[in-house]
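Residue numbers (this note's numbering), protein chains in the order written: chain A, 627 to 1165; chain B, 627 to 1165.
Heads up, the thing below is written out as structure tokens.
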């Protein structure tokens, strides 16, 4: 055997022979399976090693020439990667929308890779294609609640589509606005439609002076990307002020009508059902009226909040969502599915045809290939994860998860309001809320003398940033932060942002987090400065 | 305990307690780990159950109310889903770019879900962010081969980017052309750039009569989607004929100059390094000259062929790729990583800034959040899979895989050419080739009397479709088919398309596949018709 043959034989082994039961990789797998929390707490080191320091472990730009043993590499992954990952499973990681997942997803992830289907076309995803269509149908029904006949007609229809799976909410939002744009500039006369002839020809044909998308200041940043990529430009995105955290329908209507009066056209109104920053829900019914009045597409970005529909108690917070032309929903948020399970749904099963495309070797006319109406091409079978979750948890299970999250957030809000040194800045509607640390002495001054806010808030802003950073770096818990305009003040303020989606987060976790923040605050120079300022102001 | 509390407790168990060692899910996992080929051959039923029939298993649009036991659901997944999946691991599944994967990806998939990081921002992906940047750097260096200084400067630079990971080649191609478009319509004077002011204002400012993207007829269908979504319209995509399967630089230059002469502008030239249909590589160096001459962005879609760069023997087939402004590469194709690992790379580390965006709660100015320049938002840590592969296989391992694929395709081409009843329609450059079944009697007539082609080819087309369909449905092996124009005939013909990427595919597999196709052909009515026609023609 030559050297090359020997190497090739060695290589084939990687494709055909699993690692032994005692191998490092097998050990890691067992640990993950047996006790994920323990695996993470042992291997994710809560160090305050700086990012710049971690980067030193990843500073090679040359691909190593020689192969490495799997076990040796597994050790390195533990040391370099896992050790400095973020423990998103932890009940005290409540800063973002990534939370603990049900155990069965670990096994399913392995099955998914073992099957390695490509859902762009049936030839590489036979049963996965109908499965994905069913899952889209189930979520479509959760949102739009059509009858059996409707779903019998459209669930597996080759020429229609109830929506698309995609990598996440951003692609879902872009897909929805892509459809909205193409629908608006439909073919007529010699104009073959925007898909064929482009935006410039469309604007000429329809004679619009300008094109706009209306949303609130809480609109997700992906909307800015969407109007950029779609050729409208970010100037076309009207982000209306929302000091009460929801879009005022009257304001939206007024602004929309002003655009129409100037010869412009509103392409879409984007309502938010669970803003990323505060979890507020726009008045969907009223905004549906506004969209009807303006003659525009209504898109509801329910990436985060859409799962609330599982709850019979809280689902009607989203009343009116069934009037949306399109809806974004992320299963990797409140549906507890691993990262990468976004969905866009269309009320009209014909909507996807606005962006239908074909190729010679796949996506042929009349095929049921899912890739024919999706923005993405090759995709994996993430729909299986949601399919399994919908069955294993059931609607009742999801309902319980949603209800307990919302009620936990309400309880945390009560804790914060009862605490002398914290200020609740936005009340939770779903399981998101924002707050900040404000020493009691400062709070009483702020209440009595709102004109002092302009002076005190910048210092409080600094304090918030410093506490959040220290807390993150100490690694015991994590809240995020954002900058918001709220009703009480003229200028935006920095606030902590928490998302109470992890079912394992307990009241003890929450009180401990407040205690830690208070402790950290006392060590910070901004705290002393504030007290000094206040003592002067009191004199 | 109330009913609700009991249900909640039950639910928490799904988040905290793994399935037992004897559970169905644990059994599935063990089978996957111990012998993937056996798992697939036992569970993937090679049935010719029709798609419509399979759809009956996925026709529920109501989410089940009640939770289901994990093991019960796992059984159902095996019966309904796995049984009717496609065995992409099989050495006889050679129709698409999905192939066997190294074993370690099964374990890593589990680790990935266990960690469930979100790479849009560092706060949810601490070490994964530098890891992804390193992987992008390694692949960037494989393509562009800059020196150490370059990578030291840019690998972890907050204000620069060497590229982006994304779900696949389609998003990569769209991202590349998005950057190209925004670069072309840069801010000047009162015009704030296309990202801000949109395409219409950009066209006015720059005074272009039309905007074009040039590629060949083999350009991936995602390019059509890209010009649609970017607002240019599909009419802007010039797909030039390429009867020899590669884009003729002279033709590209001529067409490009014609556009310029009419007051138009060529936004980008897209060269293909490994066409999806035949694996041919456009003359990159010459096309780089053309792009320079036309003053346009050069994008190379190397989603499939880019991995050839690992090979010292065949890598220079892609000579000139280092002159591309952007390159698409899919790790889930010839890098043997699970589905969902696309990349776009930019020669200029400043290019990504054409689409840079910020938000209040993440992607802040100066942060190293990867989401600031990516089309997608939340993303999982697929980069880990490629990182591990690059280390465990090493460049040498990848080189061996690439070399043996290319050499296997050459050997298969020889087999086909030696076979009396098959016709090689495009020779393999990489590991893709196309061919068709043409009975010897027909072949000799076709050779002597090319005017008969117009009569015979439609029947041969039908035969190709029928053989491919029967073969797919019988489930023992799979080749795909496409429709191509080739040099020999005036009109496009249907051909089988094979991709010999699976290292486990042997010569026996290939001879058996030809034998199966020949056997199937004999049972088909088109075959008899052809023979009848030929016997008449011979008389």
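Beta carbons are placed, not taken as given, at the ideal position from N, Cα and C, and that holds for glycine.
What you are looking at is a predicted structure, and each value in this text was computed from that prediction instead of being measured.
Count the other C-beta atoms from every protein chain shown that fall within 10 angstroms of the C-beta of residue 688 of chain A, then say buried if there are 16 or more, exposed otherwise.
The sequence position of residue 688 of chain A within the first chain is 62, counting from 1. Under this definition residue 688 of chain A is an exposed residue.
So residue 931 of chain A is in the alpha helix (DSSP H); what residue range does that whole segment cover?
Taking the first chain and counting its residues from 1, the one referred to as residue 931 of chain A is at position 305. Segment: none, residue 931 of chain A is in no alpha helix (DSSP H) and carries neither H nor E.
If you compare alpha carbons, which of B/1001, B/905, B/898 is closest to residue 950 of chain B?
Locating residue 950 of chain B in the second chain gives position 324, counting from the first residue. Closest by alpha carbon: B/898.
Does any residue of chain B bring its CB to less than 8 Å from the CB of residue 1154 of chain A?
Position 528 of the first chain, counting from 1, holds the residue named residue 1154 of chain A. It does not: the Cβ of residue 1154 of chain A has no partner Cβ on chain B nearer than 8 Å.
Buried or exposed, going by whether 16 or more other CB atoms sit within 10 Å of the CB of residue 636 of chain A?
For the purposes of this step, residue 636 of chain A is identified with residue 10 of the first chain, where counting begins at 1. That one is exposed.
For the beta strand (DSSP E) that residue 952 of chain A lies in, which residues bound it at each end?
Locating residue 952 of chain A in the first chain gives position 326, where the first residue counts as 1. Unbroken beta strand (DSSP E) run through residue 952 of chain A: 952 to 956.
Kindly list the residues whose CB is nearer than 7 Å to the CB of residue 746 of chain A, restricted to its own chain and excluding five residues on each side of it in sequence; keep chain order.
Taking the first chain and counting its residues from 1, one reaches residue 746 of chain A at position 120. Same-chain partners within the cutoff: 988, 995, 996, 997, 1003, 1004, 1005.
Please classify residue 634 of chain B: does DSSP put it in a helix, a strand, or coil?
By one-based count along the second chain, residue 634 of chain B stands at place 8. Collapsing the DSSP output to three states places residue 634 of chain B in a helix.
I want to see whether chain A comes within less than 8 Å of residue 791 of chain B, judged by CB atoms only; does it?
Locating residue 791 of chain B in the second chain gives position 165, where the first residue counts as 1. Taking Cβ atoms only, chain A never reaches closer than 8 Å to residue 791 of chain B, which makes this a no.
Using the beta-carbon count (16 or more within 10 Å), is residue 1157 of chain B buried or exposed?
Residue 1157 of chain B sits at position 531 when you count from the first residue of the second chain. Residue 1157 of chain B is exposed by the Cβ-count criterion.
Is there a C-beta anywhere in chain A that falls below 8 Å from the one on residue 982 of chain B?
To locate residue 982 of chain B, count along the second chain from 1; it is residue 356. The beta carbon of residue 982 of chain B sits no closer than 8 Å to any beta carbon of chain A.
Could you tell me whether the Cβ of residue 754 of chain A comes closer than 8 Å to any Cβ of chain B?
What you label residue 754 of chain A is simply residue 128 of the first chain in a count that begins at 1. True, the Cβ-Cβ gap to chain B drops below 8 Å.
Cα-Cα separation, residue 888 of chain A to residue 834 of chain B
Taking the first residue of the first chain as 1, we reach residue 888 of chain A at position 262. Taking the first residue of the second chain as 1, we reach residue 834 of chain B at position 208. Their Cα atoms are separated by approximately 26 Å.
Along the chain, where does the beta strand (DSSP E) that runs through residue 894 of chain B open and close?
For this step, residue 894 of chain B is matched to residue 268 along the second chain. Note, residue 894 of chain B: beta strand (DSSP E), 891 to 898.
What are the boundary residues of the beta strand (DSSP E) that includes residue 1119 of chain B?
Residue numbering aside, residue 1119 of chain B sits at position 493 when the second chain is read from its first letter. Residue 1119 of chain B -> beta strand (DSSP E) spans 1119 to 1125.
Relative to the alpha-carbon of residue 790 of chain A, which residue among A/1064, A/956, A/1071, A/1031 has its alpha-carbon at the smallest distance?
Locating residue 790 of chain A in the first chain gives position 164, counting from the first residue. Residue 790 of chain A has its Cα closest to that of A/956, out of A/1064, A/956, A/1071, A/1031.
Using a C-beta cutoff of 8 Å, does residue 1034 of chain A count as contacting chain B?
As a first step, residue 1034 of chain A must be located in the first chain, where it is residue number 408. Chain B, which has no Cβ nearer than 8 Å to the Cβ of residue 1034 of chain A, makes this no.
Under 8 Å, Cβ to Cβ, is there at least one residue of chain A near residue 1083 of chain B?
Against the second chain, residue 1083 of chain B aligns to sequence position 457. Judged by the 8 Å Cβ criterion, residue 1083 of chain B is not in contact with chain A.
For residue 973 of chain A versus residue 735 of chain B, is the C-beta distance shorter than 8 Å?
Locating residue 973 of chain A in the first chain gives position 347, counting from the first residue. Locating residue 735 of chain B in the second chain gives position 109, counting from the first residue. Taking 8 Å as the cut-off, the beta carbon of residue 973 of chain A is found no closer than this to the beta carbon of residue 735 of chain B.
Mind checking residue 1099 of chain B: buried by the 16 CB within 10 Å criterion, or exposed?
Working through the second chain from its first residue, we reach residue 1099 of chain B at position 473. Under a 10 Å Cβ-count criterion, residue 1099 of chain B is classified as exposed, with fewer than 16 other Cβ atoms of the shown protein chains found around its own Cβ.
So residue 780 of chain A is in the alpha helix (DSSP H); what residue range does that whole segment cover?
The sequence position of residue 780 of chain A within the first chain is 154, counting from 1. Per DSSP, residue 780 of chain A belongs to the alpha helix (DSSP H) from 774 to 780.
Spatial neighbours of residue 886 of chain A within its chain, please: C-beta separation below 8 Å, excluding the five flanking residues on both sides.
Against the first chain, residue 886 of chain A aligns to sequence position 260. Excluding positions up to five away in sequence, the list reads 892, 920.
Taking Cβ-Cβ distances shorter than 7 Å, what residues in chain A pair up with residue 804 of chain B?
For the purposes of this step, residue 804 of chain B is taken as the residue at position 178 of the second chain. For residue 804 of chain B, the chain A residues whose Cβ falls inside 7 Å of its Cβ are 855, in order along the chain.
Taking 8 Å as the cut-off, decide whether the C-beta atoms of residue 958 of chain B and residue 965 of chain B are in contact.
Position 332 of the second chain, counted from the first residue, corresponds to residue 958 of chain B. Position 339 of the second chain, counted from the first residue, corresponds to residue 965 of chain B. In contact: residue 958 of chain B and residue 965 of chain B (Cβ atoms closer than 8 Å).
Which residues in the same chain have their Cβ closer than 6 Å to the Cβ of residue 847 of chain B, if we skip the five residues on either side of it in sequence?
As a working mapping, residue 847 of chain B is identified with position 221 in the second chain. Excluding sequence neighbours, residue 847 of chain B sits near nothing in its chain.
Can you tell me where the alpha helix (DSSP H) with residue 916 of chain B in it begins and where it stops?
Walking along the second chain from the start, residue 916 of chain B turns up at place 290. Its alpha helix (DSSP H) spans residues 910 to 920.
Beta-carbon neighbours of residue 985 of chain A, restricted to chain B and to distances below 7 Å
Within the first chain, residue 985 of chain A is the residue found at index 359, counting from 1. By Cβ distance, chain B contributes 847.
For residue 659 of chain B and residue 693 of chain A, what's the separation of their Cα atoms in angstroms?
Locating residue 659 of chain B in the second chain gives position 33, counting from the first residue. Locating residue 693 of chain A in the first chain gives position 67, counting from the first residue. Taking the CA atoms as reference points, residue 659 of chain B sits about 22 Å from residue 693 of chain A.
I'd like the list of long-range same chain contacts for residue 782 of chain A, defined as Cβ closer than 8 Å, with 5 residues on each side in sequence excluded.
For this step, residue 782 of chain A is matched to residue 156 along the first chain. If we look at residue 782 of chain A and ignore the five residues flanking it on each side, its Cβ neighbours are 756, 759, 994.
Residue 979 of chain A at chain B interface by Cβ criterion, 8 Å
By one-based count along the first chain, residue 979 of chain A stands at place 353. Under the Cβ criterion of 8 Å, residue 979 of chain A is not counted among the residues facing chain B.
In chain B, which residues lie with their C-beta within 9 Å of the C-beta of residue 782 of chain A?
The residue given as residue 782 of chain A occupies position 156 in the first chain. Taking a Cβ-Cβ cut-off of 9 Å, the neighbours of residue 782 of chain A in chain B comprise 677, 678, 681, 684, 685, given in sequence order.
Quick one: measure Cβ to Cβ for residue 842 of chain A and residue 908 of chain A, integer angstroms, because I've assumed they're closer than 8 Å.
As a working note, residue 842 of chain A is residue 216 in the first chain. As a working note, residue 908 of chain A is residue 282 in the first chain. The pair is a contact, with the Cβ atoms about 7 Å apart (cut-off 8 Å).
How would you call residue 774 of chain A, buried or exposed, if buried means at least 16 neighbouring beta carbons within 10 angstroms?
As a working mapping, residue 774 of chain A is identified with position 148 in the first chain. Per the 10 Å Cβ criterion, exposed.
Drop a sphere of 10 angstroms on the beta-carbon of residue 664 of chain A, count the other beta-carbons inside from all chains shown, and report buried for 16 or more, exposed for fewer.
Taking the first chain and counting its residues from 1, one reaches residue 664 of chain A at position 38. Exposed: under 16 other Cβ atoms inside 10 Å.
Would you decide whether residue 1165 of chain B is buried or exposed? Buried here means 16 or more other CB atoms lie within 10 Å of its CB.
Counted from its first residue, the second chain places residue 1165 of chain B at position 539. The predicted position of residue 1165 of chain B is uncertain, since its pLDDT is 48 and thus under 50; no value can be drawn from it.
Just the chain A side, please: which residues come within less than 9 Å of residue 795 of chain B by C-beta, in chain order?
Counting from one through the second chain, the residue named residue 795 of chain B turns up at place 169. Neighbours of residue 795 of chain B in chain A, taken as residues whose beta carbon is under 9 Å from its own, are 1003, 1004 in chain order.
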